[in-house]
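Data block below; observations after.
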Amino acid sequence: MKILKGKAHERLLVRVGSRHRSYAEIKGKMNSIQAGIAGEEKVLNYIRRLELPWPVLWDVSLEVTPGQYVQLDVLILLPSGAVIYEAKNMAGRLRFEEHPKRLDKVDEHGSITDRYDCPMLQLQDEIANLQVWFHLHGIPFRADGAVIMTGSAIIEKPPANGRIFSLREIRKHLAGRGKERGMSERELWELAAYIRRHNRPYIAFPLIGRFGIPAEEVEWAPLCEPCDGRLARKSERTWYCPACNWKTADPFARTLEDWFTLRSRTLVNRQVRELFGMKSPGAASRLLQFYPLKKEGKGRATCYVWDYTMPLTRRPY
Ligand SMILES: [Zn+2]
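Using full-length UniProt numbering, the letters of the sequence shown correspond one by one to residues 1 to 317.
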């Protein structure tokens, strides 16, 4: 799912084109997601080197109340409770301000150049929500956590009473917490398996809705992989790019994936024909049989849905 997270924005940029009014906004969001992923990887890599005897989970997304999720970068289950590490991969000079709580980025003269939601508040919400989840599932376990700064940021003004660490402080934090008693190792691994079973990847797709972009402003046709030009159909089995001459037999998988991640949860036969310039409804439904899509509805109301947890690749003939 991690791949999908940053990739969908990248695909949307290609499909709206650099002149679109939302281009800069999409790109900014993509950069922050990618920085977030990089920060999470740094924390995980550091923790893996510690060779802890306890379960380490990442990218955990649990449904606390219907439709409301708690999303955790890194979650470690220690005997005395769960520890959440919220990674922040930031550079520059940072100031944690109190009223209202926020994080300001400042330049060398002290002028504010950017404002962010306070990561300490975000962490507090995550801890509270995880505790609610444990409670609702009848698990007597407490939750705690820290914000881990993984970038080169210099903190001019740290938060008044929040836990904020650099990567290297994780070892000490865990060593202290690890001595406290509570669940046995076996119980912890059972709990880890239980959490994994309840992990619901939360994906804010389709993406155009998030940016308020009407579907007509986006190119949905099959695109060339090397140059992003529009592909043309050469024969029954071959598509090619008039701009760079690239050829492919399967422009479908990627086009369908873009459709489901960017445009709509569902796809109907008519849309398949429009996407690939097909005339017959029969050919369109035969094409979809090669992809792991779920059918919903019957007859003319049939639509196809992609389960995001399965890769959208063509099945062998
Ligand atoms: Zn091309």
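Idealized CB from N, CA, C, for every residue including glycine.
Taking 8 Å as the limit between beta carbons, can you name the residues of its chain near Cys227, skipping five residues before and five after? Stepping through the sequence shown from its first residue, residue 227 is reached at position 227. Excluding positions up to five away in sequence, the list reads Cys241, Ala243, Cys244, Trp246.
Can you confirm whether the stretch 176 to 195 touches the stretch 45 to 60 when touching is taken to mean that 3 or more C-beta pairs between the two stretches lie within less than 8 Å? Enough Cβ pairs lie closer than 8 Å, so yes.
Quick one: does the C-beta of Trp246 sit closer than 7 Å to a heavy atom of ligand 1? Here residue 246 is taken as the residue at index 246 of the sequence shown, counted from 1. Because some heavy atom of ligand 1 lies under 7 Å away, the Cβ of Trp246 counts as near it: yes.
Whole-angstrom C-beta distance between Gly162 and Asn89, which should lie under 8 Å: Along the sequence shown, one-based indexing puts residue 89 at 89. Along the sequence shown, one-based indexing puts residue 162 at 162. Not confirmed; about 18 Å, so no contact.
Checking 8 Å against the spacing of the C-beta atoms, do Val70 and Leu77 come in under that value? Position 70 of the sequence shown, counting from 1, holds the residue named residue 70. Position 77 of the sequence shown, counting from 1, holds the residue named residue 77. Not closer than 8 Å, so no.
Which residue or residues does DSSP assign as beta-bridge partners of Asp125? For the purposes of this step, residue 125 is identified with residue 125 of the sequence shown, where counting begins at 1. Under DSSP, Asp125 shares a beta bridge with no residue.
Suppose the cutoff is 6 Å on Cβ atoms and the five residues either side in sequence are ignored; what does the same chain contact list for Gly182 look like? Counted from its first residue, the sequence shown places residue 182 at position 182. Taken in chain order, the residues that qualify are Pro79, Ser80.
On a CA-only basis, which of Gly178, Glu187, Leu167, Leu12 is nearest Glu86? Give me that one, please. If you number the sequence shown from 1, residue 86 lands on position 86. Ranking Gly178, Glu187, Leu167, Leu12 by Cα distance to Glu86 puts Leu167 first.
Tell me, which residues are paired with Ala143 by DSSP? As a first step, residue 143 is located in the sequence shown; it is residue number 143 there, counting from the start. Beta-bridge pairing links Ala143 to Ala82.
Apart from the five residues just before and just after Arg177, which ones in its own chain have a Cβ nearer than 6 Å to its Cβ? Position 177 of the sequence shown, counted from the first residue, corresponds to residue 177. Hits under 6 Å: Leu78.
Tell me the residue span of the beta strand (DSSP E) that contains Asp104. One-based indexing of the sequence shown puts residue 104 at position 104. Unbroken beta strand (DSSP E) run through Asp104: 102 to 106.
Excluding sequence positions up to five away, which residues of its chain have a Cβ less than 6 Å from the Cβ of Leu12? As a first step, residue 12 must be located in the sequence shown, where it is residue number 12. Contacts found: Ile26, Leu207, Leu262.
Is the separation between the beta-carbon of Val16 and that of Glu190 shorter than 8 Å? Position 16 of the sequence shown holds residue 16. Position 190 of the sequence shown holds residue 190. Not closer than 8 Å, so no.
Length-filtered (3 minimum) beta strand (DSSP E) runs lying within the stretch 129 to 194: Segments of the beta strand (DSSP E) lying fully in the stretch 129 to 194: 143 to 149, 154 to 157, 164 to 166.
Checking the sheet assignment: what are the DSSP bridge partners for Ile76? Counting from one through the sequence shown, the residue named residue 76 turns up at place 76. In the DSSP assignment, Ile76 forms a beta bridge with Val56, Val83.
State the Cα-Cα distance for the pair Gly297 and Trp306, rounded to the nearest angstrom. Position 297 of the sequence shown, counted from the start, is the residue given in the question as residue 297. Position 306 of the sequence shown, counted from the start, is the residue given in the question as residue 306. Each residue's CA atom was taken as its position, placing Gly297 and Trp306 some 14 Å apart.
Cβ of Glu257 within 8 Å of Cβ of Leu312? The count along the sequence shown starts at 1 and reaches residue 257 at position 257. The count along the sequence shown starts at 1 and reaches residue 312 at position 312. In contact: Glu257 and Leu312 (Cβ atoms closer than 8 Å).
Bridge partners of Ser61, per DSSP? By 1-based counting over the sequence shown, the position of residue 61 is 61. Beta-bridge analysis with DSSP links Ser61 to Gln71.
Would you mind working out which of Leu103, Gln122, Asn31 sits nearest Asp73, comparing C-alpha positions? The residue you call residue 73 lines up with position 73 of the sequence shown. Among Leu103, Gln122, Asn31, the Cα nearest to that of Asp73 belongs to Gln122.
Rounded separation between Tyr116 and Arg265 - CA only: If you number the sequence shown from 1, residue 116 lands on position 116. If you number the sequence shown from 1, residue 265 lands on position 265. Tyr116 and Arg265: Cα-Cα distance of roughly 31 Å.
Once you ignore the five residues that flank Leu44 on each side, which residues in its own chain have a CB closer than 7 Å to its CB? The residue given as residue 44 occupies position 44 in the sequence shown. Here Leu44 has Trp58, Val74 as same chain residues with Cβ atoms under 7 Å from its own Cβ, once five neighbours each way along the sequence are excluded.
How many angstroms separate the CA atom of Pro214 from the CA atom of Tyr23? Position 214 of the sequence shown, counted from the start, is the residue given in the question as residue 214. Position 23 of the sequence shown, counted from the start, is the residue given in the question as residue 23. Note on geometry: alpha-carbon atoms of Pro214 and Tyr23 lie some 14 Å from one another.
Considering Val268, what are the terminal residues of the alpha helix (DSSP H) in which it resides? Residue mapping note: residue 268 aligns to position 268 of the sequence shown, counting from 1. Counting along the chain, Val268 falls outside any alpha helix (DSSP H), and DSSP gives it neither H nor E.
Where Glu51 and Gln271 are concerned, what is the direct C-alpha to C-alpha distance, given to the nearest angstrom? As a working note, residue 51 is residue 51 in the sequence shown. As a working note, residue 271 is residue 271 in the sequence shown. So the two alpha carbons sit approximately 51 Å from each other.
Residues near Ile3 in its chain [Cβ-Cβ closer than 7 Å; skip 5 each side]: Position 3 of the sequence shown, counted from the first residue, corresponds to residue 3. Here Ile3 scores only 46 on pLDDT, less than 50, and its place in the model should not be relied on; the value that follows carries that caveat. None.
Candidates Leu223, Arg95, Asp144, of which the one nearest His173 by Cα: Taking the first residue of the sequence shown as position 1, residue 173 is located at position 173. Shortest Cα-Cα distance from His173 to any of Leu223, Arg95, Asp144 involves Asp144.
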